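Note sheet for the following structure.
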Amino acid sequence: MPLFENGQIIEDTWQIAQDEQVLPTGDVLVPLSRLAEGLGRNGGGRLGVILSTADRVEDLAAALPRLDLVCLTFPIFRDGRPFTQARALREHLHYKGIVRVSGHFLPDQYEFLLRCGVDQVVIPEGSDGQVWQDAHTRFTIAYQPSLLNERAEGLGFRRWLSA
Numbered sequence: 157m158p159l160f161e162n163g164q165i166i167e168d169t170w171q172i173a174q175d176e177q178v179l180p181t182g183d184v185l186v187p188l189s190r191l192a193e194g195l196g197r198n199g200g201g202r203l204g205v206i207l208s209t210a211d212r213v214e215d216l217a218a219a220l221p222r223l224d225l226v227c228l229t230f231p232i233f234r235d236g237r238p239f240t241q242a243r244a245l246r247e248h249l250h251y252k253g254i255v256r257v258s259g260h261f262l263p264d265q266y267e268f269l270l271r272c273g274v275d276q277v278v279i280p281e282g283s284d285g286q287v288w289q290d291a292h293t294r295f296t297i298a299y300q301p302s303l304l305n306e307r308a309e310g311l312g313f314r315r316w317l318s319a
């Protein structure tokens with residue numbers, strides 16, 4: 157599946173570890189249930205973990221310094237828990253690695269994902285990259301607090317807009 161980062165489609169070098177199979181070499185994403193196995197491997201390559209919406213990001217606190225990527229999964233586009241998980245990783249756990257999302261979400265949610273600290277999104281196969289690029293540049297002003305380096309738009313600005 158295509159990987160979208162910073163408004164561009166990029167190459168995905170990560171392999172997903174399948175259940176009941178030996179961990180592949182190189183950059184590998186493991187489910188939370190296999191994290192201990194991934195942390196214990198002696199091969200080269202980076203390590204990432206895949207979280208479901210039922211997993212608590214706080215449980216990763218001890219392992220986060222050794223993880224290069226955390227992948228959050230949207231089971232359906234109406235489920236907002238990955239937004240909360242991404243924000244908790246950045247704000248509360250101070251995670252500096254890559255936060256990726258996969259699953260079912262919409263291009264309209266892309267900017268909100270960025271504001272919550274997400275770096276990469278796995279877009280559905282066959283998606284038009286231009287739709288995702290447009291979603292990246294559509295909004296230039298937001299009132300909500302963000303993890304992006306943005307100047308806050310406060311009440312005074314809103315009053316100026318309504319005048």
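In this note's numbering, the protein residues as written are 157 to 319. Even glycine gets a Cβ: it sits at the ideal position worked out from N, Cα and C. This one's a predicted model, so the numbers in the text were calculated from it and none came from an experiment.
- Within the region 169 to 216, the runs of beta strand (DSSP E) that reach at least 3 residues and sit entirely inside it are, in chain order, 184 to 187 and 203 to 207.
- As computed with DSSP, isoleucine 254 is found in a beta bridge with Leu225.
- With three or more CB-CB distances shorter than 8 Å, the region 244 to 261 counts as touching the region 213 to 224.
- The Cβ atoms of phenylalanine 261 and phenylalanine 230 lie closer than 8 Å to each other.
- Separation of glycine 282 and leucine 195 (C-alpha to C-alpha, rounded to the nearest whole angstrom) is 34 Å.
- Taking C-beta atoms under 8 Å as the contact rule, valine 255 and leucine 228 qualify, at a distance of about 7 Å.
- By the CB criterion at 8 Å, valine 213 and alanine 173 fall outside the cutoff.
- Listed in chain order, the non-local C-beta contacts of glutamate 161 below 7 Å within the same chain comprise Asp275 and Gln276, local neighbours out to five positions each way being set aside.
- For valine 186 against isoleucine 206, the beta-carbon gap comes to about 7 Å, under 8 Å, which counts as contact.
- Leucine 262 carries a coil assignment under DSSP once its states are collapsed to helix, strand and coil.
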